[in-house]
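Enquirer: Here you go, one structure.
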Amino acid sequence: MSETLHELQLKMDAAARALDFEEAKRCRYKISLIRGGATASEAEEADLLGVERQQPGAMGLGTSQQRVTPPEGWKPPPKPDPMTSGKTAPRKPRR
Numbered sequence: 001m002s003e004t005l006h007e008l009q010l011k012m013d014a015a016a017r018a019l020d021f022e023e024a025k026r027c028r029y030k031i032s033l034i035r036g037g038a039t040a041s042e043a044e045e046a047d048l049l050g051v052e053r054q055q056p057g058a059m060g061l062g063t064s065q066q067r068v069t070p071p072e073g074w075k076p077p078p079k080p081d082p083m084t085s086g087k088t089a090p091r092k093p094r095r
């Protein structure tokens, strides 16, 4: 079934109103293929593998970051002396 540009536009708008953004993106991709010179049947058969719903837990705060575990036997370095840390030797004045 080949859809026309107008039908795809209406389908994309309806999907966006229904908050189905993946379907709207598929329709937008097909529209851009047809406008780029592809036939309607070529756009229908196009590879849309990159246009998929994201898996749960794949986004959000810190969900994609790995937890780093220190190697076995690792000890944190000693804390610096607060009386000497951050201080440098005084500089000589310029002449």
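If you count by full-length UniProt numbering, then the sequence shown holds residues 1 to 95, one letter each, in order.
Glycine residues also receive a C-beta, built at the ideal position from the N, C-alpha and C atoms.
Small disclaimer: the values here were computed from a predicted structure and weren't measured.
Can we say the stretch 23-33 touches the stretch 1-10, given the rule of at least three CB pairs closer than 8 Å?
Expert: Judged by Cβ distances under 8 Å, the stretch 23-33 makes contact with the stretch 1-10, as three or more pairs qualify.
Enquirer: Would E3 and A15 be called neighbours here (beta carbons separated by less than 8 Å)?
Expert: The answer is no: Cβ separation not under 8 Å.
Enquirer: Between A18 and L33, which are expected to be in contact by the criterion C-beta below 8 Å, what is the C-beta distance as a whole number of angstroms?
Expert: The pair is not a contact, with the Cβ atoms about 23 Å apart (cut-off 8 Å).
Enquirer: Look up D81 in the DSSP assignment and say whether it is helix, strand or coil.
Expert: D81: coil per DSSP, three-state reduction.
Enquirer: P80 to G73, Cα distance in whole Å?
Expert: Whole-angstrom Cα-Cα distance: 21 Å.
Enquirer: Please state the DSSP three-state secondary structure of residue 101.
Expert: The shown model of the chain, from 1 to 95, leaves out residue 101, and the question about it has no answer.
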